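So the sequence shown is numbered by our numbering: it starts at 10 and just counts up by one. Where a beta carbon is used, it is the ideal one built from N, C-alpha and C, also for glycine. Remember, it's a predicted structure, so these values are computed and weren't measured experimentally.
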Amino acid sequence: MTRTGTGCIDLPSPNHGPRPEGVGVELLILHYTGMPTAESALTRLCEPAAQVSAHYTVDEDGTVYAHVPEDRRAWHAGLSSWRGRADVNSRSIGIEIVNPGHEFGYRPFPAAQMAAVADLCLDIMGRHGIAPADVLGHSDIAPARKEDPGELFDWPGLAARGIGLWPKVCAIDDGPFTEEEVADLLKRYGYDSACPRAQLAFQRHFQPDGMTGRADAETVRRLRALTRMTGR
Ligand SMILES: [Zn+2]
């Protein structure tokens, strides 16, 4: 384990492969580790048998570990899709954020950890020209299987620094809606709208105080705002 010039601790994982020819990095995917301790997560991300990895892990005290070079394809997203395209691993960078997760005692992400996450995200976005809207959670791209980084994650705080998008609702976003419009908005924004848990995944990210699993007027307002802001 060696400290690199960028302030990361080098903790290489063997779990990666080449990116396909001509495929660039377009998405930045944020995860929680979902393991009882940071040590158990770091061990798993680096052991060949686990067949999983991420480019980075950020510990609760803000320590950043680098596992896989950014030009390599890490194995963090699994079966997933965004804006109708699968194989997210080939065109993304993945960051694991230490938190026990819903299974082992989900808890708030400390300020030092979020500050380190923000700095790392801005670095990566700058290097690869990733747009704010293309910073997503694992649950956004795999709503049927995943809940990370979860409803306690400070997406509004990150959006204030230009990382990810937070809906800026205005009067034109009001008005009645139909189930068809909800599905259409979810799909246009990027979700797999055929997944029964897509509405819950959207709320977990963009409406954490209203996680009913069924779109309501506020959900639709925020969906309309986001599609308007991105021109999707
Ligand atoms: Zn994940």
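Through-space distance from Asp143 to Arg170, alpha-carbon basis | 14 Å
Going by the CB atoms, is the gap between Glu30 and Ala63 shorter than 8 Å?
-> no
Runs of alpha helix (DSSP H) wholly within the region 95–143 (minimum 4 residues, chain order) = 110–113 and 120–137
Where does Ser90 sit, in a helix, a strand or coil, going by DSSP?
-> strand
8 Å Cβ cutoff met for His25 and Ala83 | yes
Which one or two residues does DSSP pair with Tyr41 in a beta bridge?
-> Ile106
Alpha-carbon to alpha-carbon, Asp19 and Thr11 | Any reading at Thr11 needs caution, since the residue's pLDDT is 49, under 50, leaving its predicted position unreliable; the model's value is listed next. Going from the Cα of Thr11 to the Cα of Asp19 covers about 5 Å.
Counting only the same chain and skipping the five closest in sequence on each side, list residues whose C-beta sits under 8 Å from that of Gln208.
-> Val191, Leu195, Gly222, Arg223, Ala224 and Thr228
Can you tell me whether DSSP reads Ile181 as helix, strand or coil?
-> helix
Measuring from each Cβ to the nearest heavy atom of ligand 1, keep the ones under 6 Å and list them in chain order.
-> His40, His147, Lys155 and Asp157
What is the DSSP secondary structure of Pro27, counted as helix, strand or coil?
-> strand
Does the Cβ-Cβ distance between Gln216 and Arg231 come in under 8 Å?
-> yes
Between the CA atoms of Asp183 and Arg81 - distance to the nearest angstrom | 44 Å
Nearest to Ile139 by alpha carbon, out of Ile38, Arg241 and Cys204?
-> Ile38
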